Amino acid sequence: MEPSLYIVSTPIGNLEDITLRALRVLSEVDFILCEDTRVTKKLLDKYKINTPLISYHQHSKLAKIDKIVDLLKKENNLALVTDAGTPGISDPGNELISHLIKKDFDLRIIPIPGPSAIASALSVAGFSADEFLFLGFLPHKKGRQTMVKEIILTDKTVVVYESCHRIIKFLNELMDNGGQDLRLVVCRELTKMFESVYRGAPAEILAILKQAKTNTKGEFAVVISK
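Letter by letter, the sequence shown follows residues -13 to 212 in the numbering used here.
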């Protein structure tokens, strides 16, 4: 029987945001591949799941992929999770899947859908999401200004991720490149204890974030529309 690799979505913050199917799969597979074993263990401990963990992240070397292939060829069923959300979305999981598809052996790759910061942010934005552009995390330097200009020029709703270290910089870049009138919904720490949703033009959001340093802590999903 061909082995299975389950791509399992896990909570982006609140540990209650996980499906019954995801919990069943995580408890039934032979191993769980995870970005950070400490993060995944917190989730497993909450639901009393004792499946062995194997670290797999963006710095994992080819030898780790070979080990994963070997486990699958021995008919072990595996689950792939990321620290938060859906594997493969702004996450190295897609590289693993691409490698496995190229290998010459039978393998079922099965999605277990669930939480996603993209969907969560769009669901509360109030902007058209019939068609949208997702850009993930913008580059730190090379190509960043080009992408900022693309965001300003497009007629589509845009979703980007931004870190606490660059959210202020990003808002200033929008204003400096002619995006003063854009409408933004800035979601901070979605589903977590200090979840916040800010709405307004870039300058208005900037003023809110500058009121207190705590407003710039955490991770941000930014939805942008004209």
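A virtual CB, placed ideally from N, CA and C, is assigned to each residue, including glycine.
Everything numeric in this text was worked out from a predicted model, so none of it was measured.
When the options are compared against residue i, the one with the closest alpha-carbon
i              : options                          : result
arginine 10    : Gly(-1), Val25, Asp22, Leu30     : Leu30
serine 46      : Asp22, Ile4, Asn36               : Asp22
leucine 64     : Gly74, Leu12, Ile153             : Leu12
asparagine 214 : Ser102, Ile95, Asp16, Ile35      : Since the first residue shown for the chain is -13 and the last is 212, residue 214 is missing from the structure and cannot be characterised.
aspartate 231  : Leu66, Leu58, Gly112             : Any question about residue 231 goes unanswered here, given that the chain covers just -13 to 212.
lysine 196     : Leu139, Ile153, Met161           : Ile153
lysine 60      : Glu190, Asn158, Val134, Pro(-11) : Pro(-11)
Whether residue i touches residue j by CB criterion (8 Å)
i                 : j             : result
glycine -1        : leucine 176   : yes
threonine 5       : glycine 71    : no
proline 188       : glycine 164   : no
phenylalanine 118 : threonine 143 : yes
valine 110        : threonine -4  : no
Identified DSSP bridge partners for residue i
i                 : result
phenylalanine 206 : Glu148, Arg174
tyrosine 42       : Tyrosine 42 is not bridged to any residue.
phenylalanine 180 : The partner list for phenylalanine 180 (beta bridge, DSSP) is empty, contrary to what the question assumes.
arginine 185      : Val171
leucine 64        : Leu(-9), Phe17
glycine 165       : According to DSSP, which records beta bridges pairwise, glycine 165 is partnered with nothing at all.
Cβ of residue i within 8 Å of any chain D Cβ
i             : result
glutamate 117 : Absence of chain D from the displayed structure is noted, only one protein chain being present.
As assigned by DSSP and simplified to three states, the class of residue i
i                 : result
serine 211        : strand
phenylalanine 78  : According to the sequence displayed, residue 78 carries proline and not phenylalanine. Coil.
serine 252        : Lying outside -13 to 212, the shown extent of the chain, residue 252 is not represented and no answer is given.
valine 55         : helix
proline 97        : strand
phenylalanine 156 : helix
serine 84         : helix
threonine 132     : helix
leucine 195       : helix
isoleucine 139    : The residue you asked about is not isoleucine; residue 139 is leucine in the sequence shown. Leucine 139 falls in the helix class under three-state DSSP.
For the stretch -8 to 31, list the alpha helix (DSSP H) runs that are entirely contained and at least 4 residues long, ordered along the chain. 6 to 14
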